[in-house]
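So the structure is just underneath, and the comments pick up after that.
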Amino acid sequence: MHNISVLVILLVLVGSRHADCLQFELPTFEFPFADSSAPKLSPPPDFKPAPRAPLSVTSPSQLPSLLSSSVGLAARLGSGAFVLGWSPTGGDTDGYKLSFGPIQLSDKSTVLASAAERGIQKPLVLYEYEPSPYCKKVREVCCLLDIPVLYKPCPIVEQEIPKASSRGGTTPYVKKSRGGFSDELFEKTGRRTMPYLEDPNNPSMEGMFESEDIIDYLLETYSPVNDYDPKALWTFRGQFADFTATISTIARGLAGGKMQSNARADNGLMKPIVLYAYECSPFVKPVREKLCALGLPHVLVPCSRGSENRAKLVQLSGGQQFQVPQIDDPNTNVGVLAEGESIVEYLEGTYTTTTL
Numbered sequence: 001m002h003n004i005s006v007l008v009i010l011l012v013l014v015g016s017r018h019a020d021c022l023q024f025e026l027p028t029f030e031f032p033f034a035d036s037s038a039p040k041l042s043p044p045p046d047f048k049p050a051p052r053a054p055l056s057v058t059s060p061s062q063l064p065s066l067l068s069s070s071v072g073l074a075a076r077l078g079s080g081a082f083v084l085g086w087s088p089t090g091g092d093t094d095g096y097k098l099s100f101g102p103i104q105l106s107d108k109s110t111v112l113a114s115a116a117e118r119g120i121q122k123p124l125v126l127y128e129y130e131p132s133p134y135c136k137k138v139r140e141v142c143c144l145l146d147i148p149v150l151y152k153p154c155p156i157v158e159q160e161i162p163k164a165s166s167r168g169g170t171t172p173y174v175k176k177s178r179g180g181f182s183d184e185l186f187e188k189t190g191r192r193t194m195p196y197l198e199d200p201n202n203p204s205m206e207g208m209f210e211s212e213d214i215i216d217y218l219l220e221t222y223s224p225v226n227d228y229d230p231k232a233l234w235t236f237r238g239q240f241a242d243f244t245a246t247i248s249t250i251a252r253g254l255a256g257g258k259m260q261s262n263a264r265a266d267n268g269l270m271k272p273i274v275l276y277a278y279e280c281s282p283f284v285k286p287v288r289e290k291l292c293a294l295g296l297p298h299v300l301v302p303c304s305r306g307s308e309n310r311a312k313l314v315q316l317s318g319g320q321q322f323q324v325p326q327i328d329d330p331n332t333n334v335g336v337l338a339e340g341e342s343i344v345e346y347l348e349g350t351y352t353t354t355t356l
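Using UniProt numbering, read the sequence shown as starting at 1 and increasing by one per residue.
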């Protein structure tokens, strides 16, 4: 029973979506959109955005996904759910507030300066493979440090090729190769290894492989290393992190790791979709996995507890509530969409050629 209670508390902290109005100066970033030659799209003709709803399971079909995501959330001990230096501040401030009945809570980081003050004018760029436990660690640390990231997914492409049989005829042979932005990564580095990080805010940073090296770089560059105990980050490093991140991705069935066979061939040319989310939210996982399975570039604006970006989300929802996930798609100008199931339906209808 104790373990169930802990899991419920984590789900509330990670997935709660109700908030009062705010008066914050909102952070802005230079999003790296593609040029005007990007394909022009329209949303599916019969698509209707789902109305925003309080935190709830709106369909029984959501339960398996939420449960498998919750396994990963528990295994990773909620890593990435809070920004570095998270601290509750009470509900007496003007800005984002989380309400539990009559109780109101605000939160912030006591050690992180704003993204702009840390020199983050553009999202970092990460070539990644969604099910990789090493990529997952990096994604969590980016949420921990409240860093926006342009993700360039490199899913596996499976192609069935007839192969001659010694008994005559043919037998199916499945050829596997890297898709998405893997060729772009290979042209730059001669490798198809992930994760691979680029930082357009730091001209001296030429690109970096290896998750532990990337995490070191992020902490040294974008966190006040003298203002916290590095031991507090033990869940992000070493064998524990590798093992539990592997459990997390297995629980999700390696979702997002394989390119959908009906994905549009020009998805890699699309302008990046802006995703307001954070890595460990069970409501976010299906959306992130769908973006990766379609090979779509996307900028994740992190919204972990204590993030300065939570204020932006409340503004996007008309000042009514905090809610993840939400997307803003510049390829269709459909507006800001919320509700994970609805977003997945929209992506499936917009960025595929046929129905699977």
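Even glycine gets a Cβ: it sits at the ideal position worked out from N, Cα and C.
Note down the Cα distance separating residue 122 from residue 201, rounded to an integer number of angstroms. 6 Å
CB contact flag (residue 133, residue 257, <8 Å): no
Buried or exposed by the 16-neighbour rule on C-beta atoms within 10 Å, applied to residue 225: exposed
When we look at the beta-carbon of residue 230 and count the other beta-carbons within 10 Å, is it buried (16 or more) or exposed? exposed
Let me know the secondary structure DSSP gives residue 147 once reduced to three states. coil
Which same chain residues end up closer than 6 Å to residue 175 when comparing Cβ atoms and leaving out the 5 residues on each side of it in sequence? 159 and 161
Measure the CB-CB distance between residue 338 and residue 52 and report whether it falls below 8 Å. yes
Residues in the same chain with beta-carbon distance under 6 Å from residue 2, minus the five sequence neighbours each way, listed in chain order, please. Because the pLDDT at residue 2 is just 43, under 50, the model does not fix this residue reliably, and the point stays unresolved.
With a CB to CB cut of under 7 Å and the five nearest residues on each side skipped, what residues in its chain are close to residue 26? Note that residue 26 has pLDDT 40, beneath the 50 cutoff, so the model's placement of it is unreliable and the number below is only indicative. Result list for residue 26: 311, 312 and 315, in chain order.
Take residue 297 and list the residues in its own chain whose beta-carbon comes closer than 6 Å to its own, dropping the five residues that flank it on each side. 152 and 272
Suppose contacts are defined by Cβ-Cβ distances below 8 Å. Is residue 127 in contact with residue 181 by that definition? yes
Are residue 198 and residue 125 touching if we call contact CB-CB under 8 Å? yes
Residue 360: which of 282, 328 and 194 sits nearest, CA to CA? Nothing about residue 360 can be read from this structure; the chain reaches only from 1 to 356.
Using C-beta distances below 8 Å, list every residue in its chain close to residue 252, excluding the 5 sequence neighbours before and after it, in chain order. 68, 69, 72, 131, 285 and 289
Is residue 106 helix, strand or coil by DSSP? coil
Let's test the definition: count the other Cβ atoms within 10 Å of the Cβ of residue 239 and tell me whether it reaches 16, buried, or not, exposed. exposed
Residue 327 to residue 217 span [Cα, whole Å]: 28 Å
Count the other CB atoms within 10 Å of the CB of residue 190; is the residue buried (16 or more) or exposed (fewer)? exposed
Which residue marks the beginning of the alpha helix (DSSP H) containing residue 183, and which one marks its end? 182 to 189
Please return the same chain residues whose Cβ sits closer than 7 Å to the Cβ of residue 193, not counting the five positions on each side in sequence. 209
Among 211, 87 and 107, which has the Cα closest to the Cα of residue 139? 211
What residue from 291, 40, 324 and 280 has the CA that sits closest to residue 81's CA? 280
Measuring CA to CA, which of 186, 87 and 324 is closest to residue 278? 324
Span of the beta strand (DSSP E) holding residue 88? 86 to 88
Residue 322 to residue 115 span [Cα, whole Å]: 20 Å
I'd like to know whether the C-beta atoms of residue 292 and residue 155 end up nearer to each other than 8 Å. yes
Are the beta-carbon atoms belonging to residue 245 and residue 137 less than 8 Å from one another? yes
So, residue 306 versus residue 108, is the Cβ gap smaller than 8 Å? yes
Straight-line Cα distance separating residue 233 from residue 347: 35 Å
Pick from 343, 265 and 287 that is closest to residue 354, judged by C-alpha positions: 265
Range of the contiguous beta strand (DSSP E) that encloses residue 120: Looking at the DSSP string, residue 120 is not in any beta strand (DSSP E), and its letter there is neither H nor E.
Please classify residue 269: does DSSP put it in a helix, a strand, or coil? helix
Can you tell me where the alpha helix (DSSP H) with residue 286 in it begins and where it stops? 285 to 293
Under a three-way DSSP split, which group does residue 328 fall into? strand
Is the CB-CB distance between residue 78 and residue 228 below 8 Å? no
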